[in-house]
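**Q** Just dropping this structure here.
In my numbering, the protein residues as written are 2 to 291.
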């Protein structure tokens, strides 16, 4: 289904077999070997190719997709003699396949999200995938029932991390996120993983393209207590809303129903802490000072 229409039925879950994940993992390992042979740290390679250290780390671990221009720049920076550039045609083809890498029930939303001019989300019981760290995502998938096998967990984590490339797009979409304070309290994956997730909130919230707010317990009742939802502005289309319960998706296009979700979102943003207050709260939880 490619028309962003509503989906009320419980979809069949396809077998998740996709060789692109293995290609990207192999390239990540090759890049790591080349970097270490050159005697460079990840942050040094990142500086040479003008990207963030986190991106280099994620690509080496196979949880982020190496774009063709990244491979070309790294090839030159590490003096690889065309080794990485030779893989660019295959990477371009793999990227086409990777666009449909998500489970069928989630695919319409992922496609709309990747092409959106604006992404707004209220997270109530779980952290939205765009904001999750790799460790947080893995902890969630490991606890999922029925259990996933190890290969499926790794693929799901890689797919989720790949969605976060939307933050690197330019011109950038407009982003806003409202997090229920309970998400700052629940230590998913243990203390170390949770602190890493809190730091991720700070990292995303400090981007000039993002407004991140916390809905505090002190607010009491608010306009969106029924649960999480997202609002998207897909390029060239009207705004849509999305809700999900136990892998049962509902991509909403009816203008009146979308208007209701947009109205709720506007109200909860007014009821939440300001972006500055929200970052201060997270910093205090981490014991950090501005």
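Here a beta-carbon is modelled for each residue, glycine too, at the ideal position from N, C-alpha and C. Here the structure is a predicted model, which is why all the values come from computation and not from measurement.
Distance, Cα to Cα, residue 148 vs residue 53?
**A** Put simply, the backbone Cα of residue 148 is about 34 Å away from that of residue 53.
**Q** Cutting at 8 Å between CB atoms, please list the residues of its own chain near residue 194, excluding the five before and the five after it.
**A** 134, 136, 137, 140 and 188
**Q** What does DSSP give as the partner residue(s) for residue 230 in the beta ladder?
**A** Residue 230 is bridged to 123.
**Q** Apart from the five residues on each side of it in sequence, which residues of its chain come closer than 6 Å, Cβ to Cβ, to residue 117?
**A** Within the same chain, and ignoring the five residues on either side of residue 117 in sequence, the residues whose Cβ sits closer than 6 Å to its Cβ are 174, 233, 234 and 235.
**Q** Quick check on this structure: which residue in 221, 197, 75 and 160 has the alpha carbon closest to the alpha carbon of residue 293?
**A** Since the displayed the chain opens at 2 and closes at 291, residue 293 lies outside it and no answer follows.
**Q** So does the region 164 to 172 actually touch the region 260 to 271, counting three or more Cβ pairs closer than 8 Å?
**A** Result no; under three Cβ-Cβ pairs closer than 8 Å.
**Q** When the Cα of residue 86 is compared with those of 126, 208 and 71, which residue comes out closest?
**A** 71
**Q** Taking 7 Å as the limit between beta carbons, can you name the residues of its chain near residue 230, skipping five residues before and five after?
**A** If you ignore the 5 residues before and after residue 230, its C-beta comes within less than 7 Å of the C-beta of 123, 242, 243, 244 and 262, all in its own chain and listed in chain order.
**Q** Could you check the C-alpha separation between residue 246 and residue 79 for me, to the nearest Å?
**A** 46 Å
**Q** Determine the contact status of residue 63 and residue 26, defining contact as a CB-CB distance below 7 Å.
**A** In this structure, residue 26 lies closer than 7 Å to residue 63 by Cβ.
**Q** Along the chain, where does the alpha helix (DSSP H) containing residue 50 start, and where does it finish?
**A** 43 to 50
**Q** Would you decide whether residue 274 is buried or exposed? Buried here means 16 or more other CB atoms lie within 10 Å of its CB.
**A** Within a 10 Å sphere around the beta-carbon of residue 274 sit 16 or more other beta-carbons, which makes this residue buried.
**Q** Which whole-angstrom value describes the C-beta separation of residue 92 and residue 69, a residue pair presumed to lie in contact below a C-beta threshold of 8 Å?
**A** 6 Å
**Q** So, at 6 Å on beta carbons, what are the nonlocal neighbours of residue 127 in its own chain, with the 5 sequence-adjacent residues on each side left out?
**A** none
**Q** Locate the beta strand (DSSP E) running through residue 246, then write down its first and last residues.
**A** 241 to 246
**Q** How many Å lie between residue 205 and residue 199 at the Cα?
**A** 10 Å
**Q** Skipping 5 residues on each side, what residues in its chain have a beta carbon closer than 6 Å to that of residue 218?
**A** 182
**Q** Does the beta-carbon of residue 214 have 16 or more other beta-carbons within 10 angstroms, so that it is buried, or is it exposed?
**A** buried
**Q** Would you please verify whether the beta carbon of residue 65 is less than 7 Å from any beta carbon of chain D?
**A** Considering every chain present, this structure includes no chain D. It has just one protein chain.
**Q** Report, in whole angstroms, the separation of the C-beta atoms of residue 269 and residue 179, which I expect to be a contact under 8 Å.
**A** About 6 Å; that satisfies the 8 Å criterion.
**Q** Using only the alpha-carbon positions, how far apart do residue 151 and residue 186 sit?
**A** 28 Å
**Q** Can you tell me which of 115, 155, 282 and 130 puts its alpha carbon nearest to the alpha carbon of residue 170?
**A** Residue 115 holds the alpha-carbon nearest to the alpha-carbon of residue 170 among 115, 155, 282 and 130.
**Q** Apart from the five residues just before and just after residue 129, which ones in its own chain have a Cβ nearer than 6 Å to its Cβ?
**A** 122
**Q** Find the nearest neighbour of residue 281 within the set 88, 203 and 47, judged by alpha-carbon distance.
**A** 203
**Q** So, is residue 67 buried or exposed, given that buried needs 16 or more other C-beta atoms within 10 angstroms?
**A** Flag for residue 67 reads buried.
**Q** Could you check where the beta strand (DSSP E) with residue 253 kicks off and where it finishes?
**A** DSSP places residue 253 in the uninterrupted beta strand (DSSP E) bounded by 249 to 253.
**Q** Quick one, are the C-beta atoms of residue 57 and residue 46 less than 7 Å apart?
**A** yes
**Q** What is the residue span of the alpha helix (DSSP H) that residue 58 lies within?
**A** 54 to 61
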